[in-house]
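Right, one structure below, let's go through it.
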Amino acid sequence: MEEVVIIAEAGVNHNGSVEIAKKLIDVAANSGADFVKFQTFIAEKVISRHAKKAEYQIENTGLIEETQLDMVKKLELTPAMHDELINYCKQKNINFLSTAFDLDSIDLLKKLNLPFFKIPSGEITNLPYLRKVALNFDKIVMSTGMAYLKEVKEAFEVLITMGIKREHITILHCNTEYPTKMEDVNLKAMLQIQNEFGTSVGYSDHTLGIEVPIAAVALGANVIEKHFTLDRNMSGPDHVASLEPNELMDMVTSIRNITRALGGSGIKEPSKSELKNISIARKSIHVNRDVKSGEILKEEDLVVLRPNNGISPMEWDNVIGRCLKANVMSGNLLSLDDLL
């Protein structure tokens, strides 16, 4: 199995601070994630002044009167900040990634030579956005939170019509409630996406904990995206539903282990490492009394014991009624050489 791509989603958990963003990069790099991802936007080009905050944003920030625009404006990263963070990622040997939320921000990310473009859930019904992404990027990962399958199909067809190859698209199942309740995850929908579109699939997770992304990998996810923070008690809209550093590391380690566990031949056969255990753990037929040459073996004369150096217990019926051609002491195993 190919290595799962793990995107550690810093998002806006930097709270507008480059120094906090660098600390997040440190955490992502130490965890073993492949990418650390931020969010690129010009707030006024994403949100109107009339837009309200989501319920989870009000709950997580505690600021009822604050508008969504006011909240998000404080979380912008300037082009200079992008350059600084990219250089820091290079020092820390982790790949930089970001998601754009407006057309101008797509242009900025194009200049940064990202290996692929990540379409967020909220933009899959944004036709001008989808077209511009497809014109500027060859490889795309697309989240599908809040979407009906019909809407995913429509977005997918836009990308295909614009010339993106099917094999260059990865579609992520997602639920955008922060945090997502376990009963709302609907993880099998990822398999429906795979069957419907024939693409690589993955999962963008907003549950508390690490169980669901690990399960997604076991079901065949090629990409996992997960929010993380320095501390869930920090002020901001997404911290509460994010992993803390030790949890992120545990998730990455678990996913790498699952990937290795799924990487076998798929054939049910002993592994090389366990062949040596066959003679120790399995059993063979022994006698449970002194038996003399010429005696006919009865069921009560036999017992199944370790080790497995003699006749297999699967031959039990074929041994009963056979005649011995040599004496066998009680507790010793039988061999075919002992039988006439």
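If you count by the working numbering, then the sequence shown holds residues 1242 to 1581, one letter each, in order. No residue lacks a Cβ here, since even glycine has one placed at the ideal position from N, Cα and C. Values in this document were obtained by computation on a predicted structure and should not be read as measured data.
Residues of its chain near Glu-1488, where Cβ-Cβ distance is below 8 Å and the 5 sequence neighbours each way are ignored: Along the sequence shown, read from residue 1 onward, the residue named residue 1488 stands at position 247. So the qualifying residues of the chain are Gly-1450, Ile-1451, Phe-1469.
Collapsed DSSP secondary structure at Ser-1460 in the structure displayed: For this step, residue 1460 is matched to residue 219 along the sequence shown. The sequence shown places Leu at residue 1460, not Ser. Here Leu-1460 sits in coil by DSSP.
Cβ-based burial, Cys-1564 [other Cβ within 10 Å; buried from 16]: Residue 1564 sits at position 323 when you count from the first residue of the sequence shown. Result: exposed.
Segment contact, 8 Å Cβ cut-off, at least three pairs: the region 1372-1390 with the region 1345-1361: Touching, per the Cβ criterion.
Nearest neighbour of Pro-1320, chosen from Val-1493, Tyr-1419, Gly-1257 [CA to CA]: By one-based count along the sequence shown, residue 1320 stands at place 79. Comparing Cα positions, the closest option is Gly-1257.
Three-state secondary structure (DSSP) of Ile-1465: As a position in the sequence shown, residue 1465 is number 224, starting the count at 1. In the structure shown, Ile-1465 sits in a strand (DSSP, three-state: E or B).
Ser-1441 versus Ile-1412 - alpha carbon distance: If you number the sequence shown from 1, residue 1441 lands on position 200. If you number the sequence shown from 1, residue 1412 lands on position 171. Linking Ser-1441 to Ile-1412 through their CA atoms gives a straight-line distance of about 7 Å.
Validate contact between the region 1536-1551 and the region 1498-1517 using beta carbons, cut 8 Å, 3 pairs: In the pairwise beta carbon analysis, the region 1536-1551 is classified as not touching the region 1498-1517: fewer than three pairs are separated by under 8 Å.
Lys-1359, enclosing beta strand (DSSP E) - first and last residue: Stepping through the sequence shown from its first residue, residue 1359 is reached at position 118. Taken as a continuous stretch (DSSP letters only), the beta strand (DSSP E) holding Lys-1359 covers 1358-1360.
Cα-Cα separation, Gln-1332 to Ser-1520: For the purposes of this step, residue 1332 is identified with residue 91 of the sequence shown, where counting begins at 1. For the purposes of this step, residue 1520 is identified with residue 279 of the sequence shown, where counting begins at 1. Cα to Cα, the separation comes out at about 52 Å.
Proximity of Val-1532 and Ser-1571 at Cβ, strictly below 9 Å: The sequence position of residue 1532 within the sequence shown is 291, counting from 1. The sequence position of residue 1571 within the sequence shown is 330, counting from 1. Yes; because the gap between Cβ atoms is below 9 Å, this pair is in contact.
Inter-residue Cα distance where the pair is Ile-1335 and Ser-1272: Locating residue 1335 in the sequence shown gives position 94, counting from the first residue. Locating residue 1272 in the sequence shown gives position 31, counting from the first residue. If I take the Cα positions, the gap works out to 10 Å.
Of the listed residues Ala-1249, Thr-1421, Leu-1390, nearest to Phe-1337 (C-alpha basis): Residue numbering aside, residue 1337 sits at position 96 when the sequence shown is read from its first letter. Minimum Cα distance to Phe-1337 is reached at Ala-1249.
Straight-line Cα distance separating Lys-1509 from Lys-1293: Locating residue 1293 in the sequence shown gives position 52, where the first residue counts as 1. Locating residue 1509 in the sequence shown gives position 268, where the first residue counts as 1. If you take the alpha carbons of Lys-1293 and Lys-1509, they lie about 56 Å apart.
Residues bridged to Val-1442 [DSSP beta-bridge criterion]: Stepping through the sequence shown from its first residue, residue 1442 is reached at position 201. Its beta-bridge partners are Ile-1412.
Cys-1564 - partner residues in DSSP beta bridges: Indexing the sequence shown from 1 puts residue 1564 at position 323. According to DSSP, which records beta bridges pairwise, Cys-1564 is partnered with Ile-1537.
In chain order, each beta strand (DSSP E) run of at least 3 residues that lies wholly inside the region 1270-1349: As far as the region 1270-1349 is concerned, its whole beta strand (DSSP E) runs of at least 3 residues are 1276-1281, 1336-1341.
Three-pair Cβ contact test at 8 Å for the region 1282-1289 versus the region 1305-1319: Counting Cβ pairs under 8 Å, three or more are found: they touch.
The ligand SAM heavy atom lying under 8 Å from the CB of Gly-1551: Judged by which ligands are present, the structure shown has none, so any question about the ligand SAM falls away.
His-1447, DSSP secondary structure in three states: Residue numbering aside, residue 1447 sits at position 206 when the sequence shown is read from its first letter. Note: His-1447 maps to coil in three-state DSSP.
Limits of the unbroken alpha helix (DSSP H) element including Glu-1488: By 1-based counting over the sequence shown, the position of residue 1488 is 247. Its alpha helix (DSSP H) spans residues 1486-1502.
Per-residue DSSP class, three states only, for Met-1431: Position 190 of the sequence shown, counting from 1, holds the residue named residue 1431. Under the three-state reduction of DSSP output, Met-1431 falls in the helix class.
Through-space distance from His-1255 to Val-1399, alpha-carbon basis: Counted from its first residue, the sequence shown places residue 1399 at position 158. Counted from its first residue, the sequence shown places residue 1255 at position 14. Val-1399 and His-1255: Cα-Cα distance of roughly 33 Å.
Beta-carbon proximity check, Ile-1266 vs Tyr-1329, cutoff 9 Å: Here residue 1266 refers to the residue found at position 25 of the sequence shown. Here residue 1329 refers to the residue found at position 88 of the sequence shown. Yes, they are a contact pair.
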